[in-house]
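**Q** The structure's right below; bear with me while I get my questions together.
Protein chains: 8
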Amino acid sequence: MEEILRRFAQGEISIEEACKELKVESIRKLKDFARIDVNRLHRTGIPEIIFAEGKRSREVADLAVAHATARGFALISRAGEKDVEEVKKRVDEEKVDFEVDYNEVARTILVKKRGYNFEKRGKIGLIAAGTADIPVAEEARVVAEVCGCEVLTSYDVGIAGIHRLVAPLEELVNADVAAIIVVAGMEGALPSVVASLVDVPVIGVPASVGYGLGGEGRAALLSMLQSCSPGLAVVNIGNGVGAGAFAAKCVLHKNR
Amino acid sequence: MEEILRRFAQGEISIEEACKELKVESIRKLKDFARIDVNRLHRTGIPEIIFAEGKRSREVADLAVAHATARGFALISRAGEKDVEEVKKRVDEEKVDFEVDYNEVARTILVKKRGYNFEKRGKIGLIAAGTADIPVAEEARVVAEVCGCEVLTSYDVGIAGIHRLVAPLEELVNADVAAIIVVAGMEGALPSVVASLVDVPVIGVPASVGYGLGGEGRAALLSMLQSCSPGLAVVNIGNGVGAGAFAAKCVLHKNR
Amino acid sequence: MEEILRRFAQGEISIEEACKELKVESIRKLKDFARIDVNRLHRTGIPEIIFAEGKRSREVADLAVAHATARGFALISRAGEKDVEEVKKRVDEEKVDFEVDYNEVARTILVKKRGYNFEKRGKIGLIAAGTADIPVAEEARVVAEVCGCEVLTSYDVGIAGIHRLVAPLEELVNADVAAIIVVAGMEGALPSVVASLVDVPVIGVPASVGYGLGGEGRAALLSMLQSCSPGLAVVNIGNGVGAGAFAAKCVLHKNR
Amino acid sequence: MEEILRRFAQGEISIEEACKELKVESIRKLKDFARIDVNRLHRTGIPEIIFAEGKRSREVADLAVAHATARGFALISRAGEKDVEEVKKRVDEEKVDFEVDYNEVARTILVKKRGYNFEKRGKIGLIAAGTADIPVAEEARVVAEVCGCEVLTSYDVGIAGIHRLVAPLEELVNADVAAIIVVAGMEGALPSVVASLVDVPVIGVPASVGYGLGGEGRAALLSMLQSCSPGLAVVNIGNGVGAGAFAAKCVLHKNR
Amino acid sequence: MEEILRRFAQGEISIEEACKELKVESIRKLKDFARIDVNRLHRTGIPEIIFAEGKRSREVADLAVAHATARGFALISRAGEKDVEEVKKRVDEEKVDFEVDYNEVARTILVKKRGYNFEKRGKIGLIAAGTADIPVAEEARVVAEVCGCEVLTSYDVGIAGIHRLVAPLEELVNADVAAIIVVAGMEGALPSVVASLVDVPVIGVPASVGYGLGGEGRAALLSMLQSCSPGLAVVNIGNGVGAGAFAAKCVLHKNR
Amino acid sequence: MEEILRRFAQGEISIEEACKELKVESIRKLKDFARIDVNRLHRTGIPEIIFAEGKRSREVADLAVAHATARGFALISRAGEKDVEEVKKRVDEEKVDFEVDYNEVARTILVKKRGYNFEKRGKIGLIAAGTADIPVAEEARVVAEVCGCEVLTSYDVGIAGIHRLVAPLEELVNADVAAIIVVAGMEGALPSVVASLVDVPVIGVPASVGYGLGGEGRAALLSMLQSCSPGLAVVNIGNGVGAGAFAAKCVLHKNR
Amino acid sequence: MEEILRRFAQGEISIEEACKELKVESIRKLKDFARIDVNRLHRTGIPEIIFAEGKRSREVADLAVAHATARGFALISRAGEKDVEEVKKRVDEEKVDFEVDYNEVARTILVKKRGYNFEKRGKIGLIAAGTADIPVAEEARVVAEVCGCEVLTSYDVGIAGIHRLVAPLEELVNADVAAIIVVAGMEGALPSVVASLVDVPVIGVPASVGYGLGGEGRAALLSMLQSCSPGLAVVNIGNGVGAGAFAAKCVLHKNR
Amino acid sequence: MEEILRRFAQGEISIEEACKELKVESIRKLKDFARIDVNRLHRTGIPEIIFAEGKRSREVADLAVAHATARGFALISRAGEKDVEEVKKRVDEEKVDFEVDYNEVARTILVKKRGYNFEKRGKIGLIAAGTADIPVAEEARVVAEVCGCEVLTSYDVGIAGIHRLVAPLEELVNADVAAIIVVAGMEGALPSVVASLVDVPVIGVPASVGYGLGGEGRAALLSMLQSCSPGLAVVNIGNGVGAGAFAAKCVLHKNR
């Protein structure tokens, strides 16, 4: 702004021109204001993630290449085989030097410039109660890693054998993790148990496991919402992305 | 039947009389058949329990006196102060020598002939997770006792402190209880935990505790239905009567 | 422990060694404590059952061979054709002498060492209301048998013809079963009727039969939860495994 | 119409007048058409019933007096003490010779001209499963009687003692009732049982009895909707008015 | 019984034989009692209908041939192409002279002896609101016809054009139908409208049409349950069989 | 901005001062931007309405006086007797010349400067199906009037007598109303019927009337959402305020 | 009518003939009355739209050709590939000069006479929150256009970036649209935000996007129903047709 | 342990005594293991909070005095007037020097030793959308403060005026809060908006505000679960305690 005024003072620009330039700058500022959250999002290290479900593979591939070109990598969730093929095809067509990594369990596709590395800002813990909960856990892991977390996982733990919980929990606490994500289906009791044992924020993720009344993760979600253990918060059924992002925010803050 | 035929053969009764007597006996049998469950109920030791809610105190008192006169005692569930007063008034009016015992916590009234004693056929365990679950637990206890169970209770146990569970469970297992009733509200995880630790049938009773989504015992019920622990069956929210009666049936069978 | 002390007293081991050995033993005890429920589970005769749904056939086959090797048999529930093929293939590859028995109706696979026999500890009854309830009933039967029960089944009984219920019930009562499992879909009234007629614990299992409001077993489950008949407890919709395991626990206790 | 044309032909009215009169008649017909259902309602014998809940007692009393004046009687449902007082007060003020009959159990008020009698067109049966179902049953009875039905009631019948059902059912069938209303709360199995035993249309009415999941009549309603017994239709929870009116329509048709 | 006594009196049979024969007769009576509802069902003209869904085609075909052999015809509901093929194959194999009639819209299969005719006992009306409701309506029609009803259908009526309702309703009323079945999906208002216009019992059948909140017939069912029009009762969503059977019972009674 | 530049050009202010003044103006603009919706709300004529439920009477009175002072009037919804008293007391204390008008049926309080008049921008129609729907309708009326609508009401219309609908609808259409609000409880069919008859936007408001399944307005809301009639949109159960405000927006736009 | 009277007066027709002709005319009027809503529908410009789901392609094609022949065009919603093929085949067979336009995203088929143009009566706005909401938005657009609206769309707006909303909203307000349709899934907050910013009626359409609890558009619908923003009304989940028709009615009225 | 061995080696204790002492120590260790979470809870600074609802005031007072005596303070949530009186009475009786502070809005009672101070470990933010959300927010605040948080509150923010959100958010971000709690009822959009603007973990708390479908906080909870904004986790409706405790855990970790 000073620059404009200076040029105006020196007669380089007329009052009309000065006025106009100032207005333009003002508009630019307004636009900046509008974009403030975009910048903020960038700064937080939680990038926009492409949700593939309900989108056409073509569209997914377009977005993936655009994202990866702009900021070094793109992450796609809820992706299928067709999406991977389309993304690979597009990467070939565009002749960009991108690595395409499909996590079949998590159903995520990570597209990144060859050599791109995610910084490691801090650690989180990730516990899954049963085999069927692993897809959700893996989705959370991939998201958290992309957001700069080192993720310590323990997937062989279950309420039926609470004792199997002791060792991994001690490991996580000793590693000073900033948060622990606990994925559980069926009756969803594990996050409550974990939250009652550690002094770390615990994020419960109900997995869509179970049948009959309360099936598809509903009983698990309700249990977590009703939990007696303080220090437990939840995300929606199967929302690995949300859990990973939340845990990453905890890491960010721990280190500020 | 032979007797009738014999009397007919000996000319004591005519063919018409024989025919009629045989028909009457046949009808009596049909009626017996119809009453089979009444007798059975009596034999099982699970008496009809008077559900006071939705009935007028006057009506409750009538039934109570009738039951107690007929079989020595009457048990009323979901009773209020007004019911107790009415029952006492009726007992006074009828000049019967009945004891009236109001359990304020369980909201039960036990009316019994002075000196009447319930036999002790076997033991059951009864565990409550929190203070607010005690009314339901007490209802179950009273019903089970009336049905001939000795009830070993442990009301200071909760999921938040699983360790507090070890001692009472060992006691119950050592006492060789025929079944364990576990009352729990909120997330209702306790019955699952108990069922995973003992080789005794466990009956989960959700208590109408908790608020928000899944409140009023709904999350607890769903958790128990979704339980991973084998050997857990449930009754409806707050159904202490049903749990007590079920446990009593387990006792009956253990001893047959 | 005494042994260690003795060796220490006799100078066989130094104080450091004694101390270390005692610590190791202490840790071993802690681990034993942690494993207590595993042993217990084993002792109760209710083995871990492999839930195939949501697992890959490869994984299912791995677990099956491991279980069968360790304890003589493995039971898989909610299994499909692919799982059977994979299990058979694995058994062939491993060159183990296992029988693989696929119950197409129950969708269970039983893998056991040739000649392995399940002991018979006692009897339970199993009643199904309609043709469509048989898969759930069969699942319960297989589980109960594996847990040591002799199962008396009656699959041709329905609420529409209550009279058809009399004969099988009498048979069950006479056989002195420790519990009766009753599977019913639609309005789910049968378990209530059975519980009102016998002095045996009755376990209601809603079957996922029915359409429209209350369909998929919901009306059946709610009916059972609301039942007026004392001595009825329920497991979740379609939970044949849970019902079989619960009944087995009743058998165990009857015989202790 | 002919009359108008005749008068026009005879010069008694001008073409304009004829035209106008014909239009007026046409409009009158249109209005008659619009009112056709009112007449029909009257003809069917199912009068408008005043629903007191949510109305002020004053308003209720106004409507009651108006109805009773117009057609000899008025029926008010869901009425309270205040409504009765207000109706009586109004009847006194208006100095009309009306009888006011408050059915405390059914919560209905019947206002009728002294000496007014309801015709008896045919019979229906009315069965209630438990004490707590009687208010709904009584509402249905009062409505059906006002609609010209003789109502044969049996209020001491319950699923817990199916045998108690045989005698009253035989009585109803012998009386050749046009329909049977069955009121039931809790698990609501009674209407199914009745419908499986008789060749009469059965109308199930869930009563708002029961607690926990499926409570307040929900399990009962779902059970009835899921019923395997053909020939059972239902009305909403506690809708004695609807059941009474439906049964009355069956009577009407039987006699046409 | 007299006969037995007579033979005993005449020495034709010994006292043991007489006793035994009398017992046998008594048992036969008990069995008759048990079978009373079967006979009743037969007498009511509402035959057992084979529900194909959840049964194997082979089983369906077995039942169909058995039914048709026993009483002249068999009706199968919720049948698919595979069921028809299997039934036809079985009929061919058994070399019985049965006609097999598949109603593709109603998804019913009618198997009957060639020349078998259903008697016509009376009329019912059947109205469907929209094209998508016709499958349910057709199921109701087939069932009602098998039960002896002449069915007057009107399938081109909808709430959007209430005027289209007038003519068919008048026709039904003039034909003196014993009941009117009204099938409607979406907001389900048509049965209420019909019930407010006629003095005939109206049976509402919600069709599983509609999407979003209240979809799949739920809004329709709730609307019908909440209906202000007296004289409307409902069956579950898509329950054409139940509606047809109920209407048939109305016909039966009208003609008794 | 030009002014600042001019003053800078004329040496009245230094470059620092100019720069600062320009920044301040820029910030002022940003703030204006933030306030844009407040102004807009004011311009649309839909004022903020004070929701009394869950607020203390004292608080309500404070807000009412503040609003009325600032813009001439205040409207309070869901108000009780205590709120009216408190508002009157406050008005007396503050010695402001305000009229306080309590609509007991709508449960609204209108506080306005004596002589304040709402402009009449256009007309809307308002139809209620039954007596119990009038409170909701009145709330909508009061809100719409405050927003500048002339409201033509018709409260004696119901689905049970569709013919009664014709006249009021014609009146509304002839009055050229911008929208019609239709309040209905129970099965909620009226808005669908109205929307199928007129070419005016129809806003359905479910009233919390009805009992049993679908009661408290739920069936009505679902019916309206499932409506076959195009041109019907809904607000939540009992949301008279929302309906009135929406209709007012329609009026505003018609007249622009 | 006058004409008939005249001919009667002049002796051209007898009194019987006059009488009959007048009756016929009267009936014709009655029929006209019955058809009044059809005409009205036509006049409103909101044509009947063919809902393809649940109809056979053959049937859809029949209706499409009939509609297009009668009024120049036909619109089919929820159409699939098979429907398009069948419609095209039918158009070929019938040798009519119709254009068939399939909107793959909206799943609509527009069949119209070559050269037929829809008039433009006014403008509406249409906003979609995310990519997955576009199919619903497109359905609304097609319907609104057929009803005479010019539709200004903005599909790249989302709650995550509220700032992106400002520009399109200003454009819509400046274009003086009669209503704004806002489609949103997930948490469904966008319509509330829009309604709080503009003085135009806003129609919220929940899209069936989202998973877990509140998924498939349920959370979005509930949010919109609970909205604090006045001037927001909603249609059911995914109901693009209803939203388009409602907006069209707003346009019609603005211009009257 | 070494000590025991040493004493044994020096003959101070016999082998039996050594053995016994070692066993006792082993048991003590086991007990310590069991108590590990109690200590942990203590160490985390999240004390047990007394939930008054469903407990008798007497019981609440007992617990309060016990807690305060043991660790310096006691916190009671969901407390009523009667609880406060009882607590005060008890404090007087016990003659302990405790301050009793009742927060009428939060419905919490804080009992603490005179002079006891809570340490301040870090800051959290707390935002409430509307006046009716303040009770929940206050509960969260009190809990967080007891857990060592300094709480920056902003209670005058709402979705209707998003601009009012900017200033408080900037303040919170600048204060470097470890987490932000956002309480919101109705449509519950505010937490999503906040989470999309800041790089701090956001905890959404639905408030039990709102009516009709989705009322009592259900729509708010579902919205938060469906949120598009990453980094949002939720606790149950009205669970201020849970939110406060979770935020406190975030503070603890930030500072480790």
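Protein chains in written order, with the numbering used here: chain B, 1 to 256; chain G, 257 to 512; chain D, 513 to 768; chain W, 769 to 1024; chain L, 1025 to 1280; chain P, 1281 to 1536; chain A, 1537 to 1792; chain V, 1793 to 2048. Where a beta carbon is used, it is the ideal one built from N, C-alpha and C, also for glycine.
1) Could you work out which residue in L:ARG1080, L:LYS1136 and L:ARG1165 is closest to ALA1094 (chain L) when comparing CA atoms only?
2) Give the straight-line distance between the Cα atoms of SER1294 (chain P) and ARG1286 (chain P), rounded to the nearest whole angstrom.
3) Considering only the beta carbon of each residue, do LEU993 (chain W) and VAL1003 (chain W) sit closer than 9 Å?
4) In chain P, which residues lie with their C-beta within 7 Å of the C-beta of LEU2005 (chain V)?
5) At a cut of 8 Å, does the region 1649-1669 of chain A reach the region 1615-1624 of chain A through at least three beta carbon pairs?
6) In chain order, what residues of the region 1423-1434 of chain P put their CB closer than 9 Å to some CB of chain W?
7) Buried or exposed: which applies to LYS1335 (chain P), given that a residue is buried once 16 or more other Cβ atoms fall within 10 Å of its Cβ?
8) What does ALA265 (chain G) reach in chain L if we use C-beta pairs closer than 8 Å?
9) Going along the chain, which residues of the region 1604-1632 of chain A sit with their C-beta nearer than 7 Å to a C-beta in chain L?
10) Do three or more CB pairs link the region 947-956 of chain W to the region 967-978 of chain W at distances below 8 Å?
11) If you follow the beta strand (DSSP E) that CYS740 (chain D) is in, where does it begin and where does it stop?
12) Using beta carbons (cut-off 9 Å, strictly below), is SER2000 (chain V) in contact with chain G?
13) What residues in its chain sit with their C-beta under 6 Å from that of GLU1174 (chain L), if we drop five residues either side in the sequence?
14) Given that a residue counts as buried once 16 or more other Cβ atoms are within 10 Å of its Cβ, and exposed if not, what is VAL1897 (chain V)?
15) Please compile the residues from chain L whose C-beta is within a distance smaller than 8 Å of the C-beta of GLY1590 (chain A).
16) Just curious, the beta strand (DSSP E) that ALA842 (chain W) is in, first and last residue?
17) Any beta carbon of chain W sitting closer than 9 Å to that of GLY1266 (chain L)?
18) Taking only runs of the alpha helix (DSSP H) that begin and end inside the region 406-478 of chain G, which ones reach a length of at least 4 residues, in chain order?
19) Buried or exposed, going by whether 16 or more other CB atoms sit within 10 Å of the CB of GLU728 (chain D)?
20) Determine the direct distance from the alpha carbon of ARG141 (chain B) to that of VAL157 (chain B), and round the result to whole angstroms.
21) Give the secondary structure of VAL1771 (chain A) by DSSP, where H, G and I count as helix, E and B as strand, and everything else as coil.
22) Tell me whether the beta-carbon of ALA476 (chain G) lies closer than 9 Å to the beta-carbon of ILE493 (chain G).
23) Where does ASP176 (chain B) land, buried or exposed, given buried means 16+ other C-beta within 10 angstroms?
24) Within 10 angstroms of its Cβ, does PRO742 (chain D) collect 16 or more other Cβ (buried), or is it exposed?
**A** Based on what the coordinates show:
1) Measuring from the Cα of ALA1094 (chain L), the nearest candidate turns out to be L:LYS1136.
2) Distance between the alpha carbons of SER1294 (chain P) and ARG1286 (chain P) is about 12 Å.
3) Cβ atoms of LEU993 (chain W) and VAL1003 (chain W): not closer than 9 Å.
4) Identification of chain P residues near LEU2005 (chain V) by a Cβ-Cβ cut-off of 7 Å yields ARG1498, LEU1501, ASN1516 and ILE1517, ordered along the chain.
5) Taking one beta carbon from each stretch, the region 1649-1669 of chain A and the region 1615-1624 of chain A have fewer than 3 pairs nearer than 8 Å; the two do not touch.
6) Listed by position, the residues of the region 1423-1434 of chain P near chain W (Cβ gap below 9 Å) amount to none.
7) Residue burial is scored here from C-beta neighbours: LYS1335 (chain P) has at least 16 other C-beta atoms within 10 angstroms and is therefore classed as buried.
8) Simply PHE1032, ALA1033 and ILE1039.
9) Of all residues in the region 1604-1632 of chain A, none has a C-beta nearer than 7 Å to a C-beta of chain L.
10) Judged by Cβ distances under 8 Å, the region 947-956 of chain W makes contact with the region 967-978 of chain W, as three or more pairs qualify.
11) Annotation for CYS740 (chain D): no beta strand (DSSP E) segment contains it, and DSSP assigns it neither H nor E.
12) Yes, SER2000 (chain V) lies at the interface with chain G (some Cβ there is under 9 Å from its Cβ).
13) Cβ-Cβ distances below 6 Å link GLU1174 (chain L) to LYS1144 and LYS1147 in the same chain, with the five nearest sequence neighbours on each side left out; the list follows chain order.
14) Taking every protein chain shown into account, the CB of VAL1897 (chain V) has fewer than 16 other CB atoms within 10 angstroms, so this residue is exposed.
15) Within 8 Å Cβ-Cβ: THR1155, ALA1156 and VAL1233.
16) Counting along the chain, the beta strand (DSSP E) containing ALA842 (chain W) begins and ends at 841-845.
17) Taking Cβ atoms only, chain W reaches closer than 9 Å to GLY1266 (chain L), which makes this a yes.
18) Qualifying alpha helix (DSSP H) stretches, in chain order: 422-430 and 446-451.
19) The residue is buried, with at least 16 neighbouring Cβ atoms inside 10 Å.
20) A direct Cα-to-Cα measurement between VAL157 (chain B) and ARG141 (chain B) gives close to 17 Å.
21) Secondary structure of VAL1771 (chain A) (DSSP, three-state): coil.
22) Contact annotation: ALA476 (chain G) and ILE493 (chain G) have beta-carbon atoms nearer than 9 Å.
23) When all chains shown are included, ASP176 (chain B) counts as exposed.
24) PRO742 (chain D) comes out buried.
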